[in-house]
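Residue numbers (the working numbering): 12 to 330. Ideal placement from N, C-alpha and C gives every residue a C-beta, glycine not left out.
The following block contains the structure:
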């Protein structure tokens with residue numbers, strides 16, 4: 012178990028929403044409105060993931076804002092005789108373009124196979140990866156999926172550990188158990204928190220699905236290429252509120268520094284869960300957890316007094 016920084020020591024943090032819908036699919040805001048509203052609240056990065064519509068909007072890019080070219084694909088199971096989507100299992104996958112400027116245009120493509128043919132779906136993801144896209148597996152609980160649907164999924168670089176729109180829709184937003192199940196099935200992938208915003212309700216309305224789940228990138232400079240490199244390397248964490256400021260392994264211990272929270276947990280690949288809890292009425296901003304070296308992976312979950320989380324990626328101790 013070597014000493015290493017799990018979040019980069021150098022650079023600064025930039026706030027991102029990696030799942031966003033506009034009027035180009037079923038959202039209510041234009042891409043310009045999205046940029047304006049998110050920048051008002053400190054965001055520097057938005058991935059435009061309209062349903063079945065590839066969105067590359069370079070006119071929005073400047074020194075303070077990076078639009079990620081992307082789209083959301085879906086693969087639905089069979090519909091019941093009633094035709095209601097309420098009972099339909101589905102895969103939703105975000106595909107982020109690693110180099111849209113070099114692509115010369117792209118039209119969103121859908122998985123061509125039937126639901127349940129996981130080998131064919133994995134093949135589709137592999138082809139998209141080979142074509143320069145990163146795949147994120149979205150909102151497993153909203154999708155009515157279970158271990159059998161995602162344990163064998165291959166080729167995703169990340170999954171949504173939190174989806175704000177789904178949480179507001181029906182308490183389907185949090186998915187840490189699905190993340191651990193995927194990790195324990197042998198998948199080495201990261202986790203993100205997103206909005207999946209459609210903006211039916213205006214900011215300030217408790218039903219507004221923007222600004223609730225975000226991903227914080229640690230970058231030395233804000234460019235499209237640096238964001239993509241950070242996605243590939245996992246130089247980010249997911250949050251619904253708290254900040255992860257430092258995360259590193261030194262002298263056989265995991266060291267955490269964060270904004271004030273009530274609880275800091277370290278989840279592992281087994282039953283062992285490390286924790287530090289604040290006394291009633293107090294908060295924590297740091298913790299040191301000695302490691303045995305047999306934890307498999309470790310991931311940090313910081314929870315504040317409002318029940319909000321900051322989730323680190325999972326880090327495998329044998330790497």
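May I have the straight-line CA-CA distance separating residue i from residue j, to the nearest angstrom?
| i | j | result |
| --- | --- | --- |
| residue 127 | residue 190 | 20 Å |
| residue 107 | residue 250 | 20 Å |
| residue 218 | residue 212 | 6 Å |
| residue 255 | residue 91 | 44 Å |
| residue 193 | residue 258 | 23 Å |
| residue 283 | residue 28 | 32 Å |
| residue 145 | residue 167 | 7 Å |
| residue 222 | residue 280 | 31 Å |
| residue 268 | residue 313 | 10 Å |
| residue 290 | residue 301 | 21 Å |
| residue 118 | residue 79 | 15 Å |
| residue 115 | residue 59 | 18 Å |
| residue 43 | residue 69 | 12 Å |
| residue 248 | residue 231 | 16 Å |
| residue 329 | residue 198 | 14 Å |
| residue 237 | residue 45 | 22 Å |
| residue 135 | residue 292 | 51 Å |
| residue 353 | residue 151 | Nothing in the structure corresponds to residue 353, since the chain is present only between 12 and 330. |
| residue 56 | residue 240 | 14 Å |
Does the beta-carbon of residue i have 16 or more other beta-carbons within 10 angstroms, so that it is buried, or is it exposed?
| i | result |
| --- | --- |
| residue 110 | exposed |
| residue 40 | buried |
| residue 305 | exposed |
| residue 298 | buried |
| residue 323 | buried |
| residue 157 | exposed |
| residue 196 | exposed |
By DSSP, does residue i sit in helix, in strand, or in coil?
| i | result |
| --- | --- |
| residue 147 | strand |
| residue 122 | coil |
| residue 107 | strand |
| residue 78 | strand |
| residue 301 | strand |
| residue 291 | coil |
| residue 237 | helix |
| residue 175 | helix |
| residue 199 | coil |
| residue 310 | strand |
| residue 321 | strand |
| residue 13 | coil |
| residue 248 | strand |
| residue 97 | helix |
| residue 66 | strand |
Once you ignore the five residues that flank residue i on each side, which residues in its own chain have a CB closer than 6 Å to its CB?
| i | result |
| --- | --- |
| residue 327 | 308 |
| residue 143 | 109, 110 |
| residue 15 | 260 |
| residue 24 | 227, 229 |
| residue 207 | 30, 174, 176 |
Which whole-angstrom value describes the C-beta separation of residue i and residue j, a residue pair presumed to lie in contact below a C-beta threshold of 8 Å?
| i | j | result |
| --- | --- | --- |
| residue 215 | residue 175 | With 8 Å as the limit, residue 215 and residue 175 do not qualify as a contact, their Cβ atoms being about 15 Å apart. |
| residue 203 | residue 147 | 7 Å |
| residue 32 | residue 209 | 5 Å |
| residue 77 | residue 242 | Actually they do not touch by this definition, with Cβ atoms about 12 Å apart. |
| residue 339 | residue 30 | Residue coverage of the chain in this structure runs from 12 to 330, which leaves residue 339 outside it and unanswerable. |
| residue 82 | residue 66 | 6 Å |
| residue 179 | residue 220 | 5 Å |
Excluding the 5 residues flanking residue i on each side, which residues of the same chain have their C-beta closer than 8 Å to its C-beta?
| i | result |
| --- | --- |
| residue 132 | 86, 102, 122, 124, 164 |
| residue 50 | 75, 76 |
By Cβ distance below 7 Å, which residues in the same chain neighbour residue i in space, the five residues on each side in sequence not counted?
| i | result |
| --- | --- |
| residue 265 | 277, 300, 302, 309 |
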